[in-house]
Amino acid sequence: MKALTKHRELWLALAIVVVVIAVTLRFPRFSQPSNLLTIFNDTSILMMLALGQMVVILTRSIDLSMAANLALTGMIVAMVNAAFPGVPIPVLIAGCIVVGGALGAFNGILVWKLNIPAIVVTLGTLTIFRGLVFVISGGAWVNAAQMSPDFIQLQRGAFLGLPILSWFAIVVAALFYVLMTRTALGRSLYAIGVNPTASVYTGINVGRTKFLAFTIAGAVSGLAGYLWISRYVIASTEVASGYELTIIAACVIGGVSIAGGIGTVGGALLGALFLGVINNALPVINISPFWQMAISGSAILLAVVLNARGERNKGRVILKKAEGV
Amino acid sequence: MTDTSLHRQLPDRLDNPLRSALLGWQTLLVLVAVVIFTVNSFASPYFLNAWSLSDLTFNFTEKALIALAMALLIISGEIDLSVAAIIALASTLMGLALQFGADTPVLVLIGVGTGIACGAFNGFLVTGLKLPSIVVTIGTMSLFRGIAFIVLGDQSFKGYPASFSWFGQGYVWWVISFELVLFLVAAVIFYVLLHRTNFGRRVFAIGNNDVAAKFSGVRVERIKFILFCLTGLMSGIAAVLLTARLGSTRPSIAQGFELEAITMVVLGGVSILGGAGSIIGVVLAALIVGLVTFGLGLLNVPGIVMTIFTGSLLIVVIALPILFKMWRQRA
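Chains as they are written, first to last, in this note's numbering: chain A, 2 to 326; chain B, 5 to 335.
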């Protein structure tokens, strides 16, 4: 069991390999490099979102508003693109990151300054953001015909044999890796999750760090907003509805502890990839896509049971007997 | 702001006794309800009418039934995000039983039974395996609704008997619907359970400090398990009412109910961190949410826009007392 927790990412990677092999045994084409790259590309957006969510969960918070943020930013950028097709795409992407970041900062400020629990704040902003999508669009859709060709084609271009969308995920993952392992902010995020009180004594501003975590999650959601809309070429109120739970599921499967302080970039990526592989495998082995939800639910439960076994020995030892552990 | 908490000292006496704080909260809720009621009456000529007001109650009774049990669960420091998925599964199994010719009593039994079973499953995972309830119920939420999707796919079950429909559409007397009566009875039961019994005191004790509660001889795990079963039971009842009212089952039934039920609970003054809250507050909050959505509906405001109001209401009502307190401390 100890080995399992020590190499949690390894085991998850192994689980993914097993699934791939199992499917390949029946359908050899599944594990062709081109198909594997397709799965990676399909999962790119979820991987980025999972990384954003991880940063928030590390601080013992949760962001339920990411999918709504994605939908709102996506609708804004789609409408801007439809109205002003001349605006260069990099400007739009930067705009998305800023808008998404601002929405995330709004969550963060409520958590930081007013000390409202994150789950309440983001439950509220989830409905507000989603409602705003409807308000600014008037319930109408923005479809492929209204979007400029550049807007749609950018992520479909290839660089070194990989679609640009995949490169987005790779770059974002690299940035998160640097953030989590090479910066003071990254250390603070872990410290807050492990022990908020001790963090205060160490000189970490807990509230401000949480605020930054929410802003980062928001910025990622904003970026994902553009990528999602240009990938599925439709912007509507229903975009990514309910997806906030898939993002959290990816984190949980990836070994990010909901109690805070535990989680790695590799884990979150693998968690997302696991869901991606399952989703891509189901149609191949001829299982109705309606099984998808139940399977990811079971995967979450299994992951949380396995993770809890590993975490149990850590933490407070003082009251162990009393807690009956 | 967080720095000040470091230097905070214990006051000579508690700033606000819990009782008066709760009373204050409830007074605020009553005021909000009255204001919204008045605004509604002026905004729409169709509002002040016995049948309109009766329709209004259908807006929130099912969610409010769940909110009653959810309040106890949240006070004990746990949460259940799977309630809407339980409705979907219970409704699907009822529909399935209908295909095999089940009659009304059997249907109700299956709906309620599924609810309890799902709640017990959540309770076992949380108390038996000692897992965090928020993750467990996110998982079971996908699992329960996932099973509904597996059974139904893109199909739906229809053709519920008239005697079954009565649970969701029937009236006990004049404009008083069965749903409303059931909700009022449930509210009284939950009020007594939480505020007038040993069990209720224990729920508060667990929410405030479960280790201390355990030292005091409270069977923390067992009570939490019971609370999960209760929440499942209420979800099962809500499934019966909703299915009977809609007359059909789709796997997407009751989507988003969990968030609305939790909104009612938190709006009702229950601390999301556990340990504090009252049933009266939850009932008032349910009424407010119902008034807001119904009033906006009469004004032809689309449902999705209403969610902005409920979402803002949730944040504002929680933020206001905190802002007020901060302002008072500064002054």
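All C-beta atoms, glycine included, are put in the ideal place defined by N, C-alpha and C.
Starting from Val92(A), find everything on chain B with Cβ-Cβ shorter than 9 Å and list it in chain order. Near Val92(A) there are no residues of chain B at all, since even the closest Cβ is about 29 Å away, more than 9 Å.
Among residues of its own chain, excluding the 5 on either side of Gly75(A), which ones have a beta-carbon nearer than 7 Å to its beta-carbon? For Gly75(A), where only same-chain residues beyond five positions count, the Cβ hits under 7 Å are Gly226, Tyr227, Trp229, Ile230, Ala236 and Val240.
Give the residues of chain A in contact with Thr314(B), contact being defined as C-beta atoms less than 8 Å apart. Under the 8 Å cutoff, chain A gives Thr128.
Can you tell me where the alpha helix (DSSP H) with Tyr233(A) in it begins and where it stops? Start and end: Val207 to Tyr233.
List the residues of chain B whose Cβ lies closer than 8 Å to the Cβ of Ser289(A), in chain order. Those within 8 Å of Ser289(A) in chain B are Ile154 and Gly157.
Assumed close pair Thr25(A), Phe31(A) - CB separation to whole angstroms, cut-off 8 Å: About 5 Å separates the Cβ atoms of Thr25(A) and Phe31(A), confirming a contact at the 8 Å cut-off.
How many Å lie between Phe328(B) and Val189(B) at the Cα? One Cα belongs to Phe328(B), the other to Val189(B), and the distance between them is close to 36 Å.
With 8 Å as the threshold, decide whether the Cβ of Met55(A) is near any Cβ in chain B. For Met55(A), the answer is no, since every Cβ of chain B falls outside 8 Å of its Cβ.
Whole alpha helix (DSSP H) runs in the region 130 to 159 of chain B with 4 or more residues, listed along the chain? Listed in chain order, they are 137 to 156.
Backbone CA spacing between Gly101(A) and Ile94(A) [nearest angstrom]: Straight across, the Cα-Cα distance linking Gly101(A) with Ile94(A) is about 10 Å.
Beta carbon of Leu59(A), beta carbon of Gly194(A): below 8 Å? Contact flag set, yes.
Among Leu133(B), Leu277(B) and Thr118(B), whose alpha-carbon lies nearest the alpha-carbon of Phe423(B)? The question about residue 423(B) has no answer here: the residues shown for chain B are numbered 5 through 335.
For Asn144(A), which three-state DSSP category applies? In the structure shown, Asn144(A) sits in a strand (DSSP, three-state: E or B).
Within chain B, the residues that Thr238(A) reaches when beta carbons sit closer than 8 Å: Neighbours of Thr238(A) on chain B, chain order: Ile308.
What number of angstroms, rounded off, separates the C-alpha of Met5(B) from the C-alpha of Trp113(A)? Any answer about Met5(B) is weak, because its pLDDT of 40 lies below 50 and its placement is not dependable; what the coordinates show is given next. One C-alpha to the other measures close to 8 Å.
Exposure label - Val92(A); buried when at least 16 CB within 10 Å: Result: exposed.
For Thr253(B), which beta-bridge partners are listed by DSSP? Phe161(B), per the DSSP bridge assignment.
Are Phe41(B) and Leu295(B) touching if we call contact CB-CB under 8 Å? Result yes, Cβ atoms of Phe41(B) and Leu295(B) sit closer than 8 Å.
For Lys134(B) and chain A, any beta-carbon pair shorter than 8 Å? For Lys134(B), the closest Cβ of chain A is nearer than 8 Å.
Would you say Met145(B) reaches chain A, if we count a Cβ-Cβ gap shorter than 8 Å as a contact? It does: the Cβ of Met145(B) has a partner Cβ on chain A nearer than 8 Å.
Measure the Cβ-Cβ separation of Gly132(A) and Val185(B) and say whether it is below 8 Å. Contact: no.
Consider the Cβ of Gly132(A): report whether some Cβ of chain B lies at a distance smaller than 8 Å. Judged by the 8 Å Cβ criterion, Gly132(A) is in contact with chain B.
Which residues share a DSSP beta bridge with Ile180(B)? Trp177(B), per the DSSP bridge assignment.
Residues in its own chain within less than 8 Å of Ser138(A) by CB, not counting five upstream and five downstream? Counting only Cβ-Cβ distances below 8 Å, and skipping sequence neighbours, we find Met76, Met80, Ala236, Ser237 and Thr238.
Proximity test, Cβ basis, 8 Å: Trp292(A) and chain B: Closer than 8 Å to some Cβ of chain B, the Cβ of Trp292(A) qualifies, so yes.
Distance, Asn196(A) Cα to Ala260(A) Cα: Going by C-alpha positions, Ala260(A) is about 11 Å away from Asn196(A).
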